[in-house]
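Take a look at the structure set out below.
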Amino acid sequence: MATQVKKICCLGAGYVGGPTCAVIAYKCHDIDVTIVDLNDARIAAWNSDQLPIYEPGLDKIVFERRGKNLFFTTEVEQAVIEADLIFVSVNTPTKKSGLGAGFAADLAYVESATRQIADVAKSSKIVVEKSTVPCRTAESMRTILEANSNENIRFDILSNPEFLAEGTAINDLLNPDRVLIGGLQTEEGIRAQQALVEVYAHWVPKDRIITTNLWSSELSKLAANALLAQRISSINALSAICEATGADIDEVAYACGRDSRIGPKFLKASVGFGGSCFQKDILNLVYLSEQLNLPEVAAYWKQVVDLNEYQKKRFVSRVIKTLFNTITNKKIAILGFAFKKDTGDTRESAAITLCKDFIQENAKVRIYDPKVSVEQIFLDLSEPGVVDNTKYLKTRVTITKSAYEASEDADAIVITTEWDEFKELDFQKIYDQMHKPAFIFDGRLILDAEKLRNIGFRVHTIGRAEI
Ligand code: UDX
Ligand code: ADP
504 MATQVKKICC LGAGYVGGPT CAVIAYKCHD IDVTIVDLND ARIAAWNSDQ LPIYEPGLDK
564 IVFERRGKNL FFTTEVEQAV IEADLIFVSV NTPTKKSGLG AGFAADLAYV ESATRQIADV
624 AKSSKIVVEK STVPCRTAES MRTILEANSN ENIRFDILSN PEFLAEGTAI NDLLNPDRVL
684 IGGLQTEEGI RAQQALVEVY AHWVPKDRII TTNLWSSELS KLAANALLAQ RISSINALSA
744 ICEATGADID EVAYACGRDS RIGPKFLKAS VGFGGSCFQK DILNLVYLSE QLNLPEVAAY
804 WKQVVDLNEY QKKRFVSRVI KTLFNTITNK KIAILGFAFK KDTGDTRESA AITLCKDFIQ
864 ENAKVRIYDP KVSVEQIFLD LSEPGVVDNT KYLKTRVTIT KSAYEASEDA DAIVITTEWD
924 EFKELDFQKI YDQMHKPAFI FDGRLILDAE KLRNIGFRVH TIGRAEI
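Numbering (this note's numbering), first residue to last: 504 to 970.
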């Protein structure tokens, strides 16, 4: 008989823990879900009308279940004591110093959350690793928990990686392609695995719930992200060939994607992938391969990230070259700062690299994004710890309230995020207020280049030769 889960606690109210557990509460009215975080402000926001993250459809779900079977609190201890099942959904940033700096994940938060569970638990728990973590992290969590268990308290570890993408998180959670649950293949491990299967089975068809051993589950998460990012780097590598030859990357992607073995998704060329996962997970995979003494494998995956950096630099060079080899004091309107549309998240956004490079070249950068706050943009562009360059930044960077304001007197427009509203802009109006010649660099292939050329724009698109 599988253990029945009645109370769930989630450690970490971030991009992963918040939406995932809100959806569990929404779909399982018989389960109490408490999401805890050490960050008071974040919890206060989850309890307010203005949720701390923007995700279409999230408000409705939270507002419907909050206070009924969905709770947000900073009372970590109490929530852990009461829970049958605990999701560990804390941050796992890339290490900034020490062994594996720049590659390995910093597991300090995972370890401290695990120790916290061990310290306060008064009954047996199923502990679920939800943060993306390097392969075999569950092993360390298990060692810590087992060293703290006794005949009355046992801890079962599961790995349940989250595959949601930002901007579509709620739909991804409501209709997942699959749910993956890894566990130790012991009698107790399988029982714990079944308990979590039953939670998801409230709304996910059973044939979409995959159970594997612990290590397969952990590796699958890194592998899935590496494979997706690899497709983008592949298409971006081809976009460079297109620009040099006159082929059109959208046509190439369409022609290739029609092969049912390849498929059409994740073949959109861009100014480079961003987001909190792709780069981090690949670097983790690189580090893991090196640790396992597999340098060729490490080099193979590393190239996916290197190509992404190259794509951003290549785009910056194209802008500078086109603007007569200098952008000093030229006004460049940056449309989009989030790493993709429908999210306010800027982590690893290509726009950050581009803006920093433009500022370095003494350009005046005018940024508009429909969802990213002014504070966030300055935070991303400043270099804390080196020198406080905020004052200088403010002389170079203006954040505007619309695309029209950003492009006033601009020499060039650069599309960095594929927000739908950019397709609907009145480009005649924009053209009329720009310096001439007026340039547009479409880093997302979202604009109708022909129409823009007819207005008078000089248009440069990723993956297409200059005309
Ligand atoms: C990704 C994975 O998709 C998700 O399964 C995992 O759980 C977390 O990481 P996310 O980072 O939210 O999700 O966004 P995703 O839609 O995958 O896009 C990542 C980046 O790739 C974005 O910058 C996006 O603009 C870019 N991208 C995506 C492309 O440049 N071209 C494409 O064809 C697809
Ligand atoms: P992710 O994108 O993986 O969800 P985030 O950084 O958005 O990552 O969220 C992780 C959250 O986990 C942060 O809000 C952080 O305050 C929280 N956190 C870190 N350690 C603990 C802990 N021991 N207990 C509770 N919350 C924690």
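Even glycine gets a Cβ: it sits at the ideal position worked out from N, Cα and C.
What does the alpha-carbon distance come out to for the pair R902 and V877? The question names Arg, yet the displayed sequence has Ile at residue 902. Near 6 Å, if we compare the C-alpha coordinates of V877 and I902.
Taking buried to mean at least 16 other C-beta atoms within 10 Å of its own C-beta, is P873 buried or exposed? buried
Of the residues F606, R967, V631, G839, which one's Cα is nearest the Cα of T617? V631
Identify which residue in M644, R869, N892 has its Cα closest to the Cα of A911. Strictly speaking, residue 911 in this sequence is Glu, with Ala absent from that position. Residue R869 is the option with its Cα nearest to E911.
Roughly how many whole angstroms lie between the Cα atoms of I855 and A704? 41 Å
Residue of G959, T964, V536, D914 minimising C-alpha distance to V702: V536
For the ligand UDX, I want to know if A854 counts as a neighbour, meaning its beta carbon is within less than 7 Å of at least one of the ligand's heavy atoms. no
Determine the extent of the beta strand (DSSP E) in which E580 is found, giving its start and end residues. Run containing E580: none in the beta strand (DSSP E); it sits in the alpha helix (DSSP H), 579-585.
Just to confirm, is the Cβ distance from C745 to G966 under 8 Å? yes
Below 8 Å between beta carbons: does that hold for A836 and T920? no
Mapping DSSP to helix, strand and coil, what is N655? coil
Name the residue from A698, S643, I556, A624 whose alpha carbon lies nearest to the alpha carbon of A611. S643
A915 (DSSP reduced to helix, strand or coil): strand
Looking at C-beta atoms only, is the number of pairs between the stretch 820-834 and the stretch 779-788 that lie closer than 8 Å three or more? no
Apart from the five residues on each side of it in sequence, which residues of its chain come closer than 8 Å, Cβ to Cβ, to V526? I564, I673, L676, L677
Quick one: residues with CB closer than 6 Å to any heavy atom of the ligand ADP, in chain order, please. L514, G515, A516, G517, Y518, V519, G520, V539, D540, L541, N542, R545, V579, S592, V593, N594, Y612, S615, A616, Q619, S634, S779
Could you tell me if the beta carbon of E812 falls within a distance shorter than 7 Å of some heavy atom in the ligand UDX? no
S773 and I735: beta carbons closer than 8 Å? yes
Considering only the beta carbon of each residue, do E665 and K633 sit closer than 8 Å? yes
Taking Y813 as the reference, give the member of K844, D951, F776, K625 with the closest Cα. F776
Let me check you understand the geometry: is the CB of I735 closer than 7 Å to at least one non-hydrogen atom of the ligand UDX? yes
What does a CB cutoff of less than 6 Å around V800 pick up in its chain, not counting 5 residues either side in sequence? S792
I need the straight-line Cα distance from T576 to T898, nearest angstrom please. 41 Å
What is the rounded straight-line gap between the Cα of G521 and the Cα of W549? 9 Å
Cβ shell of D923 (< 8 Å), same chain only, five flanking positions each side left out: K844
Pair every Cβ in the stretch 646-653 with every Cβ in the stretch 720-733, then say whether three or more of these pairs are closer than 8 Å. no
Assigned secondary structure, V686 (DSSP; H/G/I helix, E/B strand, else coil): One point to set straight first is that residue 686 is Gly, not Val, in the sequence displayed. G686: strand per DSSP, three-state reduction.
Quickly, what does DSSP pair C512 with across the bridge? List them, please. T537, I589
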